[in-house]
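Q: Residue numbers (the working numbering), protein chains in the order written: chain A, 10 to 154; chain B, 10 to 154. Don't be surprised by glycine CBs; every beta carbon is placed ideally from N, CA and C.
1) Identify every residue that forms a DSSP beta bridge with residue 102(B).
2) By DSSP's criteria, residue 35(A) is part of a beta bridge. Which residues make up the other side?
3) Would you check if the distance between the CB atom of residue 105(A) and the CB atom of residue 95(A) is smaller than 9 Å?
4) Taking C-beta pairs closer than 7 Å, name the residues in chain B that residue 70(A) reaches, listed in chain order.
5) Rounded to whole angstroms, what is the Cα-Cα separation between residue 140(A) and residue 151(A)?
6) Measuring alpha carbon to alpha carbon, tell me which of 82(A), 142(A), 44(A) and 100(A) ends up nearest residue 127(A).
7) In terms of residue numbering, what span does the alpha helix (DSSP H) encompassing residue 140(A) cover?
8) By DSSP, does residue 146(B) sit in helix, in strand, or in coil?
9) Alpha carbon to alpha carbon, how far is residue 78(A) from residue 118(B)?
10) Strictly below 8 Å CB to CB, what residues from chain B border residue 94(A)?
11) Cβ of residue 105(B) less than 9 Å from any chain A Cβ?
12) By the DSSP assignment, the alpha helix (DSSP H) with residue 19(B) in it spans what residues?
13) Can you name, in chain order, every residue of its own chain whose Cβ lies under 6 Å from the Cβ of residue 25(A), other than the five neighbours on each side?
14) Closer than 9 Å, CB to CB, is residue 98(B) near chain A or not?
15) Measuring straight from C-alpha to C-alpha, what distance separates residue 100(A) and residue 50(B)?
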C-alpha cells in the first residue's frame, strides 16, 4: 500500500469515526505531506469542505510553484468542485483511491493535462459502499443530488 | 443597479476594507439572499475561500432542490474552483459583474448548461483594476499563477 494513499484512507476513517462522510485526501510536495484533510459536511456543517478542499485549506497559502510540483491523493474520484480546485492551482498529478462508487470529473482533469491514476483500492471501495448504503440521503446531499 | 449585484459589490468592498482581495458574491433563492461572502485569503489565510466559495459556505447545507432554483451573483468571472462548485450544486444561472480583468471558466459553465450573464459593471472593473495594480503578487497567488 502506498503510504500516501494510506494517509488519505486514515483521514477518511477519522471522518467516519466522527460521524462524517468517509473521504480523505493528502497533498504531497517533494515526498512530504503539506496538507491533509477529510470531508467536514457533518462535523462543521460545511458545504465546501470535501476531503480534497480540506487538504488544500490545511496546506495553507502556497505559491504556485509548490502546487505545480505536488501530487494530490484522494480516496474517491474528485467531484466537479474539487476538480476545479485541482485545476485552479495547477496540481499536475492526482492519485484516486477508487471511482467505482462515484465517478467525478476525471475526464475534465485529463482533458486539461492532469495525470490521473485510479487504483481501485478495495478498502476505499468497501468504505464508501458501506457509507452510501447506511446514509444515502447524506451522500446525495454531498454530491448535489 | 441590480440590488443583488450591489450586495455582491458591498461584500467585495468589505473585503477590500479588511485588507483583502475585493471579490464578493451572493446566492439568491426565490428572491432572497441565502448566502453572501467575500474572498478570505488574507483575512483567514484561506486557499479555498474565494468570494463564491464563502457564499456557498455561509449559505450552509442546502438540499439540491434549493441550489437548483438559485442564482449566483459574483463581482468577477468565476475561477475553475468556483466554477466547479457551481457545477457540483447545479446552480442554473450565474450573473457576473465583469470578466475584463480576469476570464474564468465561463466556457465550461455554458458547455454544461449554466446560463451566464456578464454585466461588465464599471464599479466591478475599477475595483479589480485598482487592486491588481496595487497588489499583483497577492492576485497572482489567488489565481494560482
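A: Well, looking at it:
1) Within the second chain, numbered from 1, the residue matching residue 102(B) stands at position 93. Per DSSP, 80(B) and 124(B).
2) Mapped onto the first chain, residue 35(A) falls at position 26. Beta-bridge pairing links residue 35(A) to 45(A) and 82(A).
3) Locating residue 105(A) in the first chain gives position 96, where the first residue counts as 1. Locating residue 95(A) in the first chain gives position 86, where the first residue counts as 1. At the C-beta level, residue 105(A) and residue 95(A) stay beyond 9 Å of one another.
4) Here residue 70(A) corresponds to residue number 61 of the first chain, with the count starting at 1. Correct list: 50, 54, 56 and 150.
5) Here residue 140(A) is taken as the residue at index 131 of the first chain, counted from 1. Here residue 151(A) is taken as the residue at index 142 of the first chain, counted from 1. Across the structure, residue 140(A) and residue 151(A) are spaced so that their CA atoms are roughly 12 Å apart.
6) Taking the first residue of the first chain as 1, we reach residue 127(A) at position 118. Closest by alpha carbon: 82(A).
7) Mapped onto the first chain, residue 140(A) falls at position 131. Unbroken alpha helix (DSSP H) run through residue 140(A): 131-143.
8) One-based indexing of the second chain puts residue 146(B) at position 137. Of the three classes helix, strand and coil, the one that applies to residue 146(B) here is helix, per DSSP.
9) Here residue 78(A) is taken as the residue at index 69 of the first chain, counted from 1. Here residue 118(B) is taken as the residue at index 109 of the second chain, counted from 1. When rounded, the distance between both Cα atoms is 28 Å.
10) By one-based count along the first chain, residue 94(A) stands at place 85. Within chain B, the residues near residue 94(A) are 57, 89, 90 and 93.
11) Working through the second chain from its first residue, we reach residue 105(B) at position 96. So, not an interface residue.
12) On the second chain, residue 19(B) is found 10 positions in, with the first residue counted as 1. Element bounds for residue 19(B): 12-26.
13) As a first step, residue 25(A) is located in the first chain; it is residue number 16 there, counting from the start. Closer than 6 Å at Cβ, skipping near neighbours: 31.
14) By one-based count along the second chain, residue 98(B) stands at place 89. Yes - at least one Cβ of chain A is within 9 Å of the one on residue 98(B).
15) One-based indexing of the first chain puts residue 100(A) at position 91. One-based indexing of the second chain puts residue 50(B) at position 41. Straight-line Cα distance between these residues: approximately 19 Å.
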